[in-house]
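Number of protein chains: 2
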Amino acid sequence: MQRVSLKFLAKELGIAEGTVSRALNDYPDISQATRERVKEVAKKFNYKANQNARRLATGVAEAVAYLMPPNTHAISEPFVSQLLEGLGSSLAKRGWDLLVVQASSPETEAETVEKLSSSGKVSGVVISRPYKEDRRIELLKKYNMPFIVHGRSVNSADYAWFDVDGEKAFHDGVGVLADLGHQRIAFIGAPTDYNFGQVRLDGYKRGLASNNLVLDNAIITITDMSDDAGEAATARMLDLPQPPTAILCATDTQAFGALAAIRANGLTPGIEVSVLGYDGLDFGKHTHPPLTTMAQPQSHSGEEICDMLLAIIDGGNPVDYQELRSAILVRRMSVGPPRPQ
Amino acid sequence: MQRVSLKFLAKELGIAEGTVSRALNDYPDISQATRERVKEVAKKFNYKANQNARRLATGVAEAVAYLMPPNTHAISEPFVSQLLEGLGSSLAKRGWDLLVVQASSPETEAETVEKLSSSGKVSGVVISRPYKEDRRIELLKKYNMPFIVHGRSVNSADYAWFDVDGEKAFHDGVGVLADLGHQRIAFIGAPTDYNFGQVRLDGYKRGLASNNLVLDNAIITITDMSDDAGEAATARMLDLPQPPTAILCATDTQAFGALAAIRANGLTPGIEVSVLGYDGLDFGKHTHPPLTTMAQPQSHSGEEICDMLLAIIDGGNPVDYQELRSAILVRRMSVGPPRPQ
DNA sequence: CGCTAGACCGAAAGCGCTTTCGGAATCAAC
DNA sequence: GTTGATTCCGAAAGCGCTTTCGGTCTAGCG
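For the protein sequence lines, the chains are A and B, in the order given. Numbers 1 to 341, taken from our numbering, label the letters of the first sequence in order. Numbers 342 to 682, taken from our numbering, label the letters of the second sequence in order.
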């Protein structure tokens, strides 16, 4: 199979290489006639420009990278999949590529970002779930690489981001529980070196204050975002002299574990102990009982993030691209009024 | 920030560009001394080769693409995430890139494959969940692009693949149900234009035969792979004059829906009606009751698939890379003996 | 001390495309 | 019929790297 290049087409058409290129790229200084002739022959021979050459010549990569969250198994988390899907389809429409890159280890992360920035492979990158202080963000800024973060770090004034207001969500979350009559509301949180972990904790605390509830460290557990961790944390807190009547979880997955622990204790989630999750996973419909949760409006966030990034690549000011969304409550069966004692 | 190129380094070092390149790439005709000197300066200036130039010059892309399954929302399916993660980490170790590409629409799929093959962007591709007759596979063969398919099409003799034996799994699946005493075993399947859909159906039918059970089309429903579809199918079959006592589902997600339909009918899954899923999703632990399922051994399949593909890119014969795995039964609570009538 | 091998490096030719620049051809207008 | 403006295209110079080829220099040998 003869590799069909510009040169080949040019020879075939009897015109210059540069002319073929300009015709294909719709330059205005090419007559309608030759433009059509060129395109026709190109299609006939199924010509596809060599992307590497094109990128080298133009200096634009027409590709963006998604930097996987640092912890392992992150991609299996639904939010990553959702995001990737949105990015992918949005990019595909413009003919751009989506690179998904994983740092092989936390140590090589900086290296990875640097390589991404200097190697010309991509014209922009999106990262998610930043730490409070995130090295990647600093690096990206330093290298002047357009980027957008899905989430925020503590200091988010000078870059583009797309985030859901976790502080508000958790503040309001204790609100719904308190309104139901709960006085002793536990919190299962995520590691606070993640900014979202910190923020959700902050929201919880502020929610307590707003409802004149006392903060009790005994019913606050910071742990990782797995169902097993949620289960262990719940089991422990249920054994307390004064167990909580409701549990607020930083992630749905933790909440799944919480439900299991409650049942294992012979109690009924939603009746004896309420559980409120966060994420809005569809799976939550199928838990026992179905999980009440605060859903991230992530339906088209991938597309939106992509659009924002593209705008920045086109020269937009990152600061103009900061979007804050609100979570919305999905009422299912795991939250109810406290049982009268 | 001065773009640091080979030329820049060469000038800095006072030696020729080509020499710098050869030093960096460990050519044997460079003295130990200059090699070290070059590498040191390269590191000092944080030199990263422009990948586009490199790829253009060498003709090798050092990247592979994952072609997303054609249906929408496919990426949210756990198997895709798992695969992507394995591919990504495996590739990262070698410094290769992972492209995830989505055809913007089914019509443009062929176009997408052709572009992938001709544009020099990648040196190999992996696709999953092929149709019985899959256009992409034909195209990939035609263009002589190294590839491996996750799954198989009907005619899988002449390319590389990695698959789980769905036929056997479903044959054995009706076996475990039959051994428990079930006589009326329903099947909720996936569209049979997907090869895996066909194969699972075939396995089910053969399982019926092996256990001297009659095949009744009334309790076979081919539908799509969502929980809602599973729920609807189950609801319908439960309303039959002779409802099934057990239901075999092509995917766990359908099984989740089946559980819901059974409960909605006032019955208890695992007691009155058994449900056996397929996929081995972790989330199945949290359904009500926990889902018994046949798990795909997908822990490191991404890595394995990557290794196989790389071997083919290195000139290996695709036919030598065909791996068939077996699903394993994960016993949870949704399967039990039929209730004596 | 002259000569032949290596060892090491410089020069240059691409890789396949884009894009600028200028020249030829065409056309209108005087 | 000449001029000036247009239109259209060819030529050529890169983009930043790799890789071949040949030349210089040193070392080793007789």
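Don't be surprised by glycine CBs; every beta carbon is placed ideally from N, CA and C.
Residues near residue i in its chain [Cβ-Cβ closer than 7 Å; skip 5 each side]
i: B:Met578; result: Ala527, Ile560, Thr562, Pro584 and Pro585
i: B:Ala357; result: Ala351
i: B:Ile641; result: One detail in the question is off: residue 641 of chain B reads as His in this sequence, not Ile. If we look at B:His641 and ignore the five residues flanking it on each side, its Cβ neighbours are Gly427.
i: A:Trp96; result: Glu62, Ala63 and Val64
i: A:Ala42; result: Leu9 and Leu24
Selection from the options that minimises the alpha carbon distance to residue i
i: B:Val454; options: B:Leu617, B:Phe488, B:Gln639 and B:Lys626; result: B:Phe488
i: B:Val466; options: B:Gly530, B:Leu425 and B:Ala591; result: B:Leu425
i: B:Met674; options: B:Pro681, B:Asp655 and B:Met635; result: B:Met635
i: B:Pro610; options: B:Asn485, B:Glu452 and B:Pro679; result: B:Pro679
i: B:Phe597; options: A:Ala261, A:Gly230 and A:Phe283; result: A:Phe283
i: A:Ile253; options: A:Ala232, A:Gln102, A:Pro241 and A:Gln51; result: Position check: residue 253 of chain A holds Thr in this sequence, whereas Ile was assumed. The shortest Cα separation from A:Thr253 among A:Ala232, A:Gln102, A:Pro241 and A:Gln51 belongs to A:Ala232.
i: A:Val330; options: A:Asp314, A:Leu291 and A:Leu309; result: A:Leu291
i: A:Gln102; options: A:Gln82, A:Leu91, A:Ala92 and A:Arg136; result: A:Arg136
i: B:Lys626; options: A:Lys205, A:Met308, A:Ala258 and A:Glu304; result: A:Ala258
i: B:Leu311; options: B:Val555, B:Ala364, B:Val382 and B:Gln423; result: Here chain B comprises residues numbered 342 to 682, so residue 311 of chain B is not present and cannot be evaluated.
i: A:Gly266; options: A:Ala49, A:Ala235, A:Tyr131 and A:Gln298; result: A:Ala235
i: A:Ala289; options: A:Ser123, A:Asn217, A:Lys142 and A:Ile262; result: In the sequence as presented, Ala is not what sits at residue 289 of chain A; that position holds Pro. Comparing Cα-Cα distances from A:Pro289 to each of A:Ser123, A:Asn217, A:Lys142 and A:Ile262, the minimum goes to A:Ile262.
i: A:Ala248; options: A:Asp320, A:Glu167, A:Pro130 and A:Pro241; result: First, the amino acid is wrong: residue 248 of chain A is Leu here, not Ala. Ranking A:Asp320, A:Glu167, A:Pro130 and A:Pro241 by Cα distance to A:Leu248 puts A:Glu167 first.
i: A:Asn211; options: A:Leu240, A:His171 and A:Ala190; result: A:His171
i: A:Lys142; options: A:Gln298, A:Val154 and A:Leu116; result: A:Leu116
i: B:Val401; options: B:Thr592, B:Gly677 and B:Lys462; result: B:Lys462
i: B:Phe386; options: B:Ile371, B:Tyr407 and B:Leu354; result: B:Leu354
i: A:Ser105; options: A:Thr19, A:Lys205, A:Met68 and A:Ala250; result: A:Met68
i: A:Tyr194; options: A:Val154, A:Gly175, A:Glu77 and A:Asp179; result: A:Val154
i: B:Ala550; options: B:Leu521, B:Val515, B:Thr564 and B:Asn558; result: B:Val515
Cutoff 6 Å; reference residue i; Cβ partners in own chain excluding five residues on either side
i: B:Pro659; result: Tyr500, Ala501 and Ile653
i: B:Val505; result: Gln637, Arg666 and Ala668
i: A:Ala246; result: Leu177, His182, Ile185 and Ser274
i: B:Lys348; result: Glu358
i: B:Glu613; result: Arg680
i: B:Glu474; result: none
i: A:Ala260; result: Glu231
i: A:Leu98; result: Leu87, Gly88 and Leu91
i: A:Val20; result: Leu6, Leu9, Ala10 and Val38
i: B:Glu644; result: Gly427 and Ser431
C-beta neighbour in chain B for residue i, strict 8 Å
i: A:Asp239; result: no
i: A:Met333; result: no
i: A:Val64; result: no
i: A:Asp227; result: yes
i: A:Gly88; result: yes
i: A:Met68; result: yes
i: A:Met1; result: Note that A:Met1 has pLDDT 49, beneath the 50 cutoff, so the model's placement of it is unreliable and the number below is only indicative. For A:Met1, the answer is yes, since a Cβ of chain B falls inside 8 Å of its Cβ.
i: A:Arg136; result: no
i: A:Phe283; result: yes
i: A:Leu56; result: yes
i: A:Leu24; result: no
i: A:Ala232; result: no
i: A:Phe256; result: yes
i: A:Lys7; result: no
Cβ neighbours of residue i in the same chain (closer than 8 Å, five flanking residues each side left out)
i: A:Arg3; result: none
i: A:Ala169; result: Arg200, Gly203, Tyr278, Met294, Ser326 and Ala327
i: B:Met342; result: Confidence at B:Met342 is low in this model, with a pLDDT of 48, below 50, so the placement of that residue is unreliable and no value is reported for it.
i: B:Ile646; result: Leu424, Gly427, Leu428, Val467, Ile489, His491 and Phe503
i: A:Gly197; result: Gly189, Ala190, Pro191, Ile222 and Ala250
CB contact below 8 Å: residue i versus chain A
i: B:Lys482; result: no
i: B:Ser422; result: yes
i: B:Leu617; result: no
i: B:Ala433; result: yes
i: B:Ala519; result: no
i: B:Leu354; result: no
Residues within the region 113–130 of chain A neighbouring chain B, beta-carbon criterion of under 7 Å = Against chain B - using a Cβ distance shorter than 7 Å - the residues of the region 113–130 of chain A are Glu114, Lys115, Ser118, Ser119, Gly120 and Lys121.
The region 627–652 of chain B: positions lying closer than 8 Å to chain A by Cβ = So the close ones are His627, Thr628, His629 and Pro630.
At what residue ranges does the region 606–682 of chain B contain a whole run of the beta strand (DSSP E), taking only runs of 3 or more?
-> The region 606–682 of chain B contains these whole beta strand (DSSP E) runs: 615–620, 633–636, 663–666 and 669–671.
Just by C-beta distance, which residues in the region 367–394 of chain B are closer than 7 Å to chain A?
-> Of all residues in the region 367–394 of chain B, those with a C-beta nearer than 7 Å to a C-beta of chain A are Asn387, Lys389, Ala390, Asn391, Gln392, Asn393 and Ala394, reading in chain order.
Start-end ranges of the alpha helix (DSSP H) lying completely within the region 376–443 of chain B, minimum 4 residues = The DSSP assignment places complete alpha helix (DSSP H) segments of no fewer than 4 residues inside the region 376–443 of chain B at 392–399 and 419–435, in order along the chain.
Check each residue of the region 438–449 of chain B: if its Cβ is closer than 8 Å to any Cβ of chain A, include it; give the result in chain order.
-> If the cut-off is 8 Å between Cβ atoms, the region 438–449 of chain B has Asp438, Leu439, Leu440, Val441, Val442, Gln443, Ala444 and Ser445 near chain A.
Where are the alpha helix (DSSP H) runs, 4 residues long or more, that stay fully inside the region 108–157 of chain A, in chain order?
-> As far as the region 108–157 of chain A is concerned, its whole alpha helix (DSSP H) runs of at least 4 residues are 109–118 and 135–142.
Unbroken stretches of the alpha helix (DSSP H), 4 residues or longer, contained in the region 202–275 of chain A = Complete alpha helix (DSSP H) runs here, min 4: 227–238 and 252–264.
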